[in-house]
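Chain order of the listed sequences is A and B.
Going by the numbering used here, the residue at position 279 of the first sequence is 262; the numbering climbs one at a time, nothing skipped.
Add 6 to a position in the second sequence, counting from 1, and you land on the number used in the numbering used here.
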Amino acid sequence: MSQNELSDLAIEAKGLVKVFGKHRAVDGVDLQIKKGTVYGFLGPNGAGKTTTIRMLATLLNPDGGEACIFGHDTVKEAAEVRSRISLTGQYASIDEDLTGTENLVLMGRLMGYTRNQAKARAAELLHAFGLEDAAKRQVKKYSGGMRRRIDIAASIVVTPELLFLDEPTTGLDPRSRNQVWDIVRTLVGTGTTVLLTTQYLEEADQLADRIAVINEGKIIAEGTSGELKASVGTGTLTIRLADPADREKARGVVEQVLYGQVHDSADATVLTANVTNPSLAAEVLGELGREGIELSDFSLGQPSLDEVFLTLTGEPAKEQENKKEVQG
Amino acid sequence: MDAVNDDRQQVRDEHLREAVASSERPKPPNAFSSCMTFGSRSLLRIKHIPEQLFDVTVFPIIFLLMFTYLFGGAIAGSTAEYLQFLLPGILVMTVAQITMYTGLDINNDIRKGIFDRFRTLPVWLPSALVGSLLVDTVRYTGASAVMLGLGYILGFRADGGLLGVLGAVAIVLFFSFSISWVWTTLGIIMRSDKSLMMASFMVMFPLTFVSNVFVDPDTLPGWLQSFVDVNPISILVDAVRGLMHGHATADQIIWVFIVSGIFIVIFAPLTMYLYRNKK
Chain A
-16 MSQNELSDLA IEAKGLVKVF GKHRAVDGVD LQIKKGTVYG FLGPNGAGKT
34 TTIRMLATLL NPDGGEACIF GHDTVKEAAE VRSRISLTGQ YASIDEDLTG
84 TENLVLMGRL MGYTRNQAKA RAAELLHAFG LEDAAKRQVK KYSGGMRRRI
134 DIAASIVVTP ELLFLDEPTT GLDPRSRNQV WDIVRTLVGT GTTVLLTTQY
184 LEEADQLADR IAVINEGKII AEGTSGELKA SVGTGTLTIR LADPADREKA
234 RGVVEQVLYG QVHDSADATV LTANVTNPSL AAEVLGELGR EGIELSDFSL
284 GQPSLDEVFL TLTGEPAKEQ ENKKEVQG
Chain B
7 MDAVNDDRQQ VRDEHLREAV ASSERPKPPN AFSSCMTFGS RSLLRIKHIP
57 EQLFDVTVFP IIFLLMFTYL FGGAIAGSTA EYLQFLLPGI LVMTVAQITM
107 YTGLDINNDI RKGIFDRFRT LPVWLPSALV GSLLVDTVRY TGASAVMLGL
157 GYILGFRADG GLLGVLGAVA IVLFFSFSIS WVWTTLGIIM RSDKSLMMAS
207 FMVMFPLTFV SNVFVDPDTL PGWLQSFVDV NPISILVDAV RGLMHGHATA
257 DQIIWVFIVS GIFIVIFAPL TMYLYRNKK
């Protein structure tokens, strides 16, 4: 065992770069991800999350920089890396024309199980994922949530040391999303390291030990979810005015109470502001009332991805053209 | 998680934890076994989508009937005589056109994402392709059998005997295997199944029609004749005709191997390079 393998890092990357044509999809990403943790990439479509994962998973060679997975270089020791990782892509990475059982047996055989072992393993996983009723159905007839589960099941036919989950809950209903979250927590509980990408701050907050916010190929913020929240505020205050003419007056009041920046929304009746201390929100409400400003709505919520980006970059999250990534 | 009211649909945490903990990493499969596993996937796909077999059953029948009775009278004076000339050629044409579907399968895999999963597996990388090419070879054998059977009913008699026919089918299969690598290369490069089919047809249509499949090239103008002479399909048809009718020369057969070899040497490594480095 090399010295590297003894290190407590699952992923270590230095200066990763990937260029598609003139577009720098990934532009100097450094990563240090500890074994046994969940790491979240947070960013809009086309920020470079998928491209980064594809480089770490040996599917794409970096144009600059290097990455080690458990101490093995993703380019020079790709085979070593592949025997430790598993990838659940953004799109179903299973054969939709085959049944659930057939897919899992296929994966089991390709991992090196005998036919009987592969069958037993498939049955065990279908049961664990609550899919045994659908075992003999073609995957294309599955619902979105079932599809995601069979996809993840295929990724853990042999429990990987590192699992990549690319937007595991995009497009899922809340219940299916909770099931996927549960699966991730269980996996991590048994020692697997998970790197997941998401567009939702809430998801990163729920699952990840550490989060990297990615924008235009660069990591623009990194830390625990607590650290990130401290920098973007624990929540966002949204005020909807009954009369848009009150906007300037209301802005003055909010600024005075929160000592923070107030953002104008495209809607002339709406103001938003970051709140670090929720109890101050009540004070804002009281102060607005005393000034006689009438409100039609007042809410305090988790900052959205847009608001995180607004705070970190000064502009809302931009969706990049990402044909290259979609095309795979 | 509330497991009481909707037990069947739920993820079972306990079982999942067990399943995750109980897995031991087996030794990765050897190349032969991973090829066979990928081959079994192709067979399962045929089981679920039996329409896939249309091209190896209905195509040969339609092609043979259509061209025999359409051209027979006009070209050879009688359909019986034309069949003797046409069958070896139309066999080559049919099988060569079916090979295009190999590219379609790989193209679908790439667009759907399963390709990424295969490429992160600890298996011999070409086995995904080799496995499905092996099953394709079985399909081509089926197509050849259907066509030869129908030909026999219509009155085709091979002067080269059974051995000649088997030899002819064998080199058709070898040639098909080699040309399949062209389609796998295109299958990886092309962005959609439509553009892939378009490109494949643009290659295959002139190759199969501007050849010696339907007519004796002696009747063609000189410039066209020189194209027909170097057309790989013509080279294969010459050898197949020769074997079936018992007058094949060593030259004819060697040329088929040379042409097939060139396809493999160029396009197999190219396919694998693209497969490994697909963005």
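Positions of the beta carbon are idealized from the N, C-alpha and C atoms, including for glycine.
With 16 other Cβ atoms within 10 Å as the buried cut-off, status of residue i
i	result
Asn86(A)	buried
Gly91(A)	buried
Ala236(B)	Checking the sequence, you will find Val at residue 236(B) rather than Ala. Exposed, by the Cβ-count rule.
Tyr75(B)	exposed
Leu108(A)	buried
Gly275(A)	exposed
Val271(B)	exposed
Phe215(B)	exposed
Phe292(A)	buried
Asn113(B)	buried
Lys306(A)	Summary for Lys306(A): the model assigns pLDDT 39, below 50, so the residue's position carries little reliability, and this model does not support an answer.
Asp244(B)	buried
Ala274(B)	buried
Ile260(B)	exposed
Ile120(B)	buried
Backbone CA spacing between residue i and residue j [nearest angstrom]
i	j	result
Lys102(A)	Thr169(A)	23 angstroms
Gly166(B)	Phe180(B)	20 angstroms
Phe281(A)	Thr175(A)	42 angstroms
Leu156(B)	Ile67(B)	7 angstroms
Val152(B)	Thr63(B)	6 angstroms
Ile185(B)	Ser266(B)	7 angstroms
Leu(-8)(A)	Leu140(B)	42 angstroms
Leu131(B)	Leu14(A)	28 angstroms
Pro227(A)	Asp247(A)	11 angstroms
Asn44(A)	Met38(A)	6 angstroms
When the options are compared against residue i, the one with the closest alpha-carbon
i	options	result
Leu135(B)	Val152(B), Ala149(B) and Asp115(B)	Asp115(B)
Asp250(A)	Arg223(A), Val237(A) and Pro261(A)	Arg223(A)
Thr181(A)	Leu148(A), Ser208(A), Glu290(A) and Lys201(A)	Leu148(A)
Glu(-5)(A)	Asp78(A), Val12(A), Ser282(A) and Lys1(A)	Val12(A)
Tyr96(A)	Leu160(B), Ser39(B) and Phe77(B)	Ser39(B)
Arg193(A)	Thr33(A), Ile36(A), Glu270(A) and Gly209(A)	Gly209(A)
Leu241(A)	His6(A), Asp229(A), Asn260(A) and Glu150(A)	Asn260(A)
Gly172(A)	Arg37(A), Thr57(A) and Leu190(A)	Leu190(A)
Ser206(B)	Gly137(B), Gly193(B) and Asn283(B)	Gly193(B)
Leu211(A)	Ala187(A), Ala136(A), Asn99(A) and Ala233(A)	Ala187(A)
Ile135(A)	Gln162(A), Glu277(A) and Ala228(A)	Gln162(A)
Leu278(A)	Leu295(A), Arg234(A), Thr296(A) and Gln285(A)	Arg234(A)
Thr43(B)	Leu89(A), Ala8(A) and Val0(A)	Leu89(A)
Val221(B)	Arg18(B), Lys53(B), Ala82(B) and Leu71(B)	Ala82(B)
Ala256(B)	Phe269(B), Ile241(B) and Ile270(B)	Ile241(B)
Lys(-3)(A)	Lys201(A), Arg67(A), Gln239(A) and Ala256(A)	Lys201(A)
Phe269(B)	Tyr281(B), Ile239(B) and Val243(B)	Ile239(B)
Leu280(B)	Met196(B), Val243(B), Ala254(B) and Asp244(B)	Met196(B)
Ser76(A)	Pro151(A), Thr20(A) and Thr221(A)	Pro151(A)
Glu34(A)	Ile16(A), Val9(A) and Glu290(A)	Reading the sequence as shown, one finds Thr at residue 34(A) and not Glu. Thr34(A) has its Cα closest to that of Val9(A), out of Ile16(A), Val9(A) and Glu290(A).
Limits of the unbroken beta strand (DSSP E) element including residue i
i	result
Arg282(B)	Careful: Arg282(B) lies outside any beta strand (DSSP E), inside the alpha helix (DSSP H) at Ala256 to Asn283.
Val13(A)	First, the residue type needs correcting, since residue 13(A) is Asp and not Val in the sequence shown. Residues His6 to Lys17.
Asp247(A)	Val245 to Asp247
Gly95(B)	Note, Gly95(B): premise wrong, no beta strand (DSSP E); alpha helix (DSSP H) at Thr85 to Ile104.
Gly193(B)	It is not in any beta strand (DSSP E) - Gly193(B) instead sits in the alpha helix (DSSP H) that spans Gly167 to Ile195.
Asp222(B)	No beta strand (DSSP E) holds Asp222(B); DSSP gives it neither H nor E.
Ser69(A)	Ile68 to Thr71
Residues that residue i contacts on chain B, provided the C-beta gap is smaller than 7 angstroms
i	result
Leu(-1)(A)	The contacting residues do not exist; Leu(-1)(A) stays about 15 angstroms from chain B at best.
Leu268(A)	Residues of chain B passing the Cβ test: none, with the nearest at roughly 36 angstroms.
Where the alpha helix (DSSP H) through residue i begins and ends
i	result
Val144(B)	Ser133 to Leu160
Glu115(A)	Neither: Glu115(A) is in no alpha helix (DSSP H) and is coded neither H nor E.
Asp280(A)	Where Asp280(A) is concerned, there is no enclosing alpha helix (DSSP H), although the beta strand (DSSP E) it sits in stretches over Leu278 to Gly284.
Asn86(A)	Gly83 to Met94
Ser28(B)	Asp19 to Ser28
Contacts that residue i makes with chain B (C-beta to C-beta distance below 9 angstroms)
i	result
Met38(A)	What Met38(A) touches in chain B: nothing, since even the nearest Cβ is about 11 angstroms away.
Thr41(A)	Arg125 and Thr126
Asp156(A)	Neighbours of Asp156(A) on chain B: none; closest Cβ ~12 angstroms, over 9 angstroms.
Leu89(A)	Thr43, Phe44, Ser46, Arg47 and Leu50
His55(A)	Under the 9 angstroms cutoff, chain B gives no residues; its nearest Cβ is about 12 angstroms from His55(A).
Proximal residues of chain A, C-beta to C-beta of residue i below 9 angstroms
i	result
Pro275(B)	By Cβ distance, chain A contributes nothing, its closest Cβ being about 18 angstroms from Pro275(B), past 9 angstroms.
Amino acids of chain A, ordered along the chain, whose beta-carbon sits closer than 7 angstroms to that of residue i
i	result
Ala37(B)	Under the 7 angstroms cutoff, chain A gives no residues; its nearest Cβ is about 12 angstroms from Ala37(B).
Val236(B)	Simply none; closest approach about 36 angstroms.
Gly119(B)	Gly72, Tyr74, Ala75, Ser76 and Gly311
Closer than 7 angstroms: residue i CB and nearest the ligand COA heavy atom
i	result
Asn113(B)	Of ligands this structure carries none, so the ligand COA is not represented either.
Contacts of residue i in chain A (Cβ-Cβ under 8 angstroms)
i	result
His251(B)	In chain order: nothing, as chain A lies at least about 42 angstroms away.
Asp19(B)	Asp165 and Thr169
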